[in-house]
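Peer 1: The structure under discussion is supplied below as structure tokens; questions concerning it will follow.
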Amino acid sequence: MTANYNAEPLLEVKGLKQYFPISKTYTVKAVDDVSFKVYPGETYGLVGESGSGKSTIGRSIIRLYDPTEGTINFCGMDISGKMSKDVKEKLRIQMQMIFQDPMASLNPRKKIKDIIGEALDVHKFYNSKEERDHRVEAILEKVGLAKEHADRYPHQFSGGQRQRVGIARALILNPKLVIADECISALDVSIQAQVVNLMKDIQAELGTAYLFIAHDLSMVKYISDRIGVLHLGHLLETGTTDEIFSNPIHPYTKSLLSAIPIPNPELEKNREAINYDYKTSGIDYTKGTEHLVDGSHYVKCTDEEFAAWTK
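Counted from 1, the sequence shown has number 181 at position 29 by this note's numbering; the numbering is strictly sequential.
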């Protein structure tokens, strides 16, 4: 299934702010005025350096954090404020998360079949133990594990296998949106490719949408339909993968893309990384507004900056 951009957005985030008060005089503004949409069946890649607020956005959307300000609309439901029991139930079924560290997010005392089947138990999605076991075995097979693995514990698996368990746990309820938070960063490069290909195959089969949070631009380019570039809690540029990679507008986006190694020794030898320092750039993220570059390509900046960057 390909992304359906004519449909209503599956997820619409408007003006999201996530602040963390540290003391009476100091507050960390982890996410500041971020807006984007995710459509049914698409992969939206959220990229940026460590500490830019990517994971915080994911956790705010799935409501592990209470948003400081802004609105989050998911499947026609407003999930940004206090939720009713019915809305909370739907959110827990239709949105799932794959966490960064598979070992930290899997209960070491539980068998794999109970870790994956826990969501079925909570929401009572089966009529008999046989049906539950069958669903767990089916999802294990889908993520490339054998049904014999169901009776093992997390410590008996490799990192790549544990991440597959994390993916199986997220997909067991057939959610409409999966937030993948740096889900491949702890894995070997060859295993990364296997996991990402697995996610693409499952998306093609089930039509699941992904919010893919990562800092590996090569992998984001491979899996994403659209990309949002995040820096210091601000979404600076967003567009299709081709628009961002072939025509970056914001200086920060250009510096990010220039840091990607080229798998050709001759070209790599002459590659120049563009240095970008926000403090000395003269850019104020809080003063920018969205400017349309082309198609669905937007950059957040002032009118003067936009004129200078696109001339």
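From the three backbone atoms N, C-alpha and C, an ideal C-beta is built for every residue, glycine too.
All values reported here derive from a predicted model rather than from experimental measurement.
What residue range is occupied by the uninterrupted alpha helix (DSSP H) comprising Asn349?
Peer 2: Here the alpha helix (DSSP H) through Asn349 covers Val341 to Leu358.
Peer 1: How about Arg284 and Leu272: do their beta carbons lie closer than 7 Å?
Peer 2: It is a contact, given that the beta carbons lie within the stated cut-off.
Peer 1: Beta-carbon within less than 8 Å of Gly447's beta-carbon, same chain only, minus the 5 sequence neighbours each way: which residues are those?
Peer 2: Cβ neighbours of Gly447 beyond the five flanking positions: Gly391, Thr392 and Glu395.
Peer 1: Can you find a CB in chain D that lies within less than 7 Å of the CB of Phe277?
Peer 2: Protein chains in the displayed structure number just one, and chain D is not present.
Peer 1: Return the first residue and the last residue of the beta strand (DSSP E) that Glu300 is part of.
Peer 2: Looking at the DSSP string, Glu300 is not in any beta strand (DSSP E), and its letter there is neither H nor E.
Peer 1: DSSP state of Val451, grouped into three classes?
Peer 2: Strand.
Peer 1: By DSSP, does Arg287 sit in helix, in strand, or in coil?
Peer 2: In the structure shown, Arg287 sits in a helix (DSSP, three-state: H, G or I).
Peer 1: Provide the residue(s) that pair with Glu164 in DSSP beta bridges, ordered along the chain.
Peer 2: In the DSSP output, where bridge partners are listed per residue, Glu164 has Lys189 and Asn225.
Peer 1: For Ile466, which option in Cys335, Gly167 and Val165 has the closest C-alpha, if you only look at C-alpha atoms?
Peer 2: Residue coverage of the chain in this structure runs from 153 to 463, which leaves residue 466 outside it and unanswerable.
Peer 1: Check whether the region 247-263 touches the region 311-326, counting contact only when three or more Cβ pairs, one atom from each stretch, lie closer than 8 Å.
Peer 2: Short answer: they touch.
Peer 1: On the DSSP bridge assignment, give the partners of Ala366 in chain order.
Peer 2: Note: Ala366 sits in a beta bridge opposite Val199.
Peer 1: State the DSSP-derived secondary structure class of Gly318, mapped to helix, strand or coil.
Peer 2: Note: Gly318 maps to helix in three-state DSSP.
Peer 1: Can you tell me whether Phe309 is buried or exposed, with buried defined as 16 or more other CB within 10 angstroms of its CB?
Peer 2: Buried.
Peer 1: Given a threshold of 16 other Cβ atoms within 10 Å of its Cβ, counted over all protein chains shown, does Pro254 qualify as buried or as exposed?
Peer 2: Looking at its Cβ environment, which holds 16 or more other Cβ atoms inside 10 Å, Pro254 is buried.
Peer 1: Ile250 by DSSP, collapsed to three states: which one?
Peer 2: Strand.
Peer 1: Hey, how far is the Cα of Leu388 from the Cα of Glu442?
Peer 2: If I take the Cα positions, the gap works out to 9 Å.
Peer 1: According to DSSP, what are the bridge partners of Glu389?
Peer 2: Answer by DSSP bridge pairing, in chain order: Val381 and Val451.
Peer 1: With the cut-off set at 7 Å, would you say Lys189 and Glu221 are in Cβ contact?
Peer 2: Their beta carbons are not under 7 Å apart, which means Lys189 does not touch Glu221 by this criterion.
Peer 1: Can the beta-carbon of Gly193 be found less than 7 Å from the beta-carbon of Gly359?
Peer 2: Contact flag set, yes.
Peer 1: Can you find the residues in the same chain that come closer than 6 Å, C-beta to C-beta, to Leu409, ignoring five residues on each side of it along the sequence?
Peer 2: So the qualifying residues of the chain are Pro400.
Peer 1: Could you name the residues of the same chain whose beta carbon sits closer than 7 Å to that of Gln313, not counting the 5 residues immediately before and after it, in chain order?
Peer 2: Cβ neighbours of Gln313 beyond the five flanking positions: Leu297.
Peer 1: According to DSSP, is Pro417 helix, strand or coil?
Peer 2: Pro417 falls in the helix class under three-state DSSP.
Peer 1: Do Thr223 and Ala182 have their beta-carbon atoms positioned less than 7 Å apart in this structure?
Peer 2: No; because the gap between Cβ atoms is not below 7 Å, this pair is not in contact.
Peer 1: For Gly205 versus Gly380, is the C-beta spacing smaller than 7 Å?
Peer 2: Cβ distance not < 7 Å, so Gly205 and Gly380 don't count as in contact.
Peer 1: Quick one: give me the first and last residue of the alpha helix (DSSP H) that Glu270 is part of.
Peer 2: Residues Ile264 to His275.
Peer 1: If you run the structure through DSSP and keep just helix, strand and coil, what is Ala411?
Peer 2: In this structure, Ala411 counts as coil in the three-state DSSP scheme.
Peer 1: Would Ile264 and Val295 qualify as a contact pair, given that the criterion is a beta-carbon distance under 7 Å?
Peer 2: Their beta carbons are not under 7 Å apart, which means Ile264 does not touch Val295 by this criterion.
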